[in-house]
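Peer 1: My questions will all concern the structure given below.
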Amino acid sequence: MFFPPNPPITSFAGQRIWIAGASTGIGAATAKAFIAAGARVAVSARTADTLEREFGEHARVLPCDVTDAAALQAAANTLIAEWGGIDLVIAMAGTYSTMRADTLDLAAAKRIVEVNLNGVFNLFAAVRTQLLAQRSGGFAIVASVAGYGGLPNSMAYSATKAACINLAQSMWMDLRAHGIAVTVINPGFVRTPLTATNPFPMPFLIDADEAAREILKGLARGEFEIHFPKAFSRLLKLLNLLPHGLYLRLVKKGTRM
Ligand SMILES: NC(=O)c1ccc[n+]([C@@H]2O[C@H](COP(=O)([O-])OP(=O)(O)OC[C@H]3O[C@@H](n4cnc5c(N)ncnc54)[C@H](OP(=O)(O)O)[C@@H]3O)[C@@H](O)[C@H]2O)c1
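Residue numbers (the working numbering): 566 to 822.
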């Protein structure tokens, strides 16, 4: 890329990286990939046992819930005091359940918004002052290709991921002059606990390790949007260029939902 939207990360060695949502799935695989590349990594999630079992002394374990802004702020303060700064923060925590408009579960919908969207605001609020003071570092949001356009059976989840993509664009523009990189990561289907109970076939399904490799590659290149697997993400991008009437009918028919 000739003019990458973010500064390319030429080496992850020594980079101070905090991932919120790293106990399982893509977050755990990405944290391990960063550790293997020589980064100093801190991992958060609600389940302290899983974090300890997965990472032990290989990462700084800071259990916390992204819906608890005060707990995130305390974790950020601890980390900044120990590290003296922070180079990359990844909002990875997410939750998903199928949900249809005709059988809306309002409490579950609000819970998904609380974790997938408000959790990102909470995390950014916790590190904003430090990143602005440094005039360096990056903030990455894990959204999804499900955020490109509305999908059947995915009412709340898809909406939060669309919001995350939009949020990352706004943040990039606002933070550019402050020297802070902003990235959005849009995975397709990845084999993780989140998708383990999906009752439908998942096209172009990949493993979490492959997702992690794509994420590190995209960050190294300074991409704004890291999307994968390309065959699937590009197909969905194309579908979303269609007029609404065509998109809605094609996706409904194609997914048989
Ligand atoms: N798998 C896919 O196909 C796919 C596709 C596109 C996007 N994504 C996105 O990728 C991200 C990672 O998902 P995944 O597939 O790797 O799922 P996962 O294995 O279920 O991982 C989710 C992570 O988030 C943590 N988490 C959930 N709620 C949290 C909360 N309130 N506070 C703090 N941590 C919380 C979980 O740990 P605890 O439960 O211990 O808190 C876990 O570490 C999510 O944002 C997801 O939406 C996944």
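Just so you know, even glycine gets a beta-carbon here, dropped at the ideal spot from N, CA and C.
(1) Kindly give me the distance between the Cβ atoms of Thr663 and Asn718, rounded to whole angstroms, as I take these residues to be in contact under 8 Å.
(2) Figure out for me which residue from Met566, Gly590 and Ala604 has the closest Cα to the Cα of Ser576.
(3) Beta-carbon within less than 7 Å of Arg700's beta-carbon, same chain only, minus the 5 sequence neighbours each way: which residues are those?
(4) Out of curiosity, what's the CA-to-CA distance linking Ala641 and Lys817?
(5) If you follow the alpha helix (DSSP H) that Ala646 is in, where does it begin and where does it stop?
(6) Quick one: what does DSSP say Asp652 is sitting in, helix, strand or coil?
(7) Once the 5 residues before and after Arg611 are set aside, which same chain residues still bring their CB inside 6 Å of it?
(8) At the level of alpha carbons, what is the spacing between Val692 and Asn805?
(9) Which residues bound the alpha helix (DSSP H) around Ala596?
(10) Exposed or buried, what is Ala796 when buried is set at 16 or more other beta-carbons lying within 10 Å of its beta-carbon?
(11) Measuring straight from C-alpha to C-alpha, what distance separates Pro573 and Thr820?
(12) Under the assumption that Phe765 contacts Ala776 (Cβ atoms under 8 Å), give the Cβ distance between them as a whole number of angstroms.
(13) I'd like to know whether the C-beta atoms of Gly590 and Thr757 end up nearer to each other than 9 Å.
(14) Does at least one heavy atom of ligand 1 sit under 8 Å from the Cβ of Ala555?
(15) Report, in whole angstroms, the separation of the C-beta atoms of Ile600 and Ala624, which I expect to be a contact under 8 Å.
(16) To test your reading of the DSSP string, which unbroken beta strand (DSSP E) runs of 3 or more residues are found completely within the stretch 671 to 740?
(17) Buried or exposed for Phe754, going by 16 or more other Cβ atoms inside 10 Å?
(18) Do Asn751 and ligand 1 come close, with the Cβ less than 8 Å from some heavy atom?
(19) Out of Arg581, Phe769 and Ala773, which one is the CA nearest neighbour of Arg799?
(20) Using the Cβ count rule (16 or more neighbours within 10 Å means buried), how would you classify Ala593?
(21) Rounding to the nearest angstrom, what Cα-Cα distance links Ile677 and Thr725 in this structure?
(22) With contact counted as at least three CB pairs below 8 Å, one residue from each stretch, are the stretch 698 to 713 and the stretch 725 to 742 in contact?
(23) Comparing alpha-carbon positions, which option in Thr668, Val606, Asp739 and Ala708 lies nearest Gly650?
Peer 2: In brief:
(1) 5 Å
(2) Ala604
(3) His743 and Gly744
(4) Going from the Cα of Ala641 to the Cα of Lys817 covers about 43 Å.
(5) It spans Ala634 to Trp648 - the alpha helix (DSSP H) in which Ala646 sits, taken as one unbroken run.
(6) coil
(7) Asp630
(8) Distance between the alpha carbons of Val692 and Asn805: 34 Å.
(9) Gly590 to Ala601
(10) exposed
(11) 37 Å
(12) The Cβ separation is near 20 Å, so there is no contact.
(13) Going by C-beta atoms, Gly590 is nearer than 9 Å to Thr757.
(14) Because the chain in this structure spans residues 566 to 822, residue 555 falls outside the shown range and cannot be described.
(15) 6 Å
(16) The stretch 671 to 740 contains these whole beta strand (DSSP E) runs: 703 to 707.
(17) Burial state of Phe754 is buried, judged by a 10 Å Cβ sphere holding 16 or more other Cβ atoms.
(18) Answer for Asn751: yes, Cβ within range of ligand 1.
(19) Phe769
(20) buried
(21) 8 Å
(22) yes
(23) Val606
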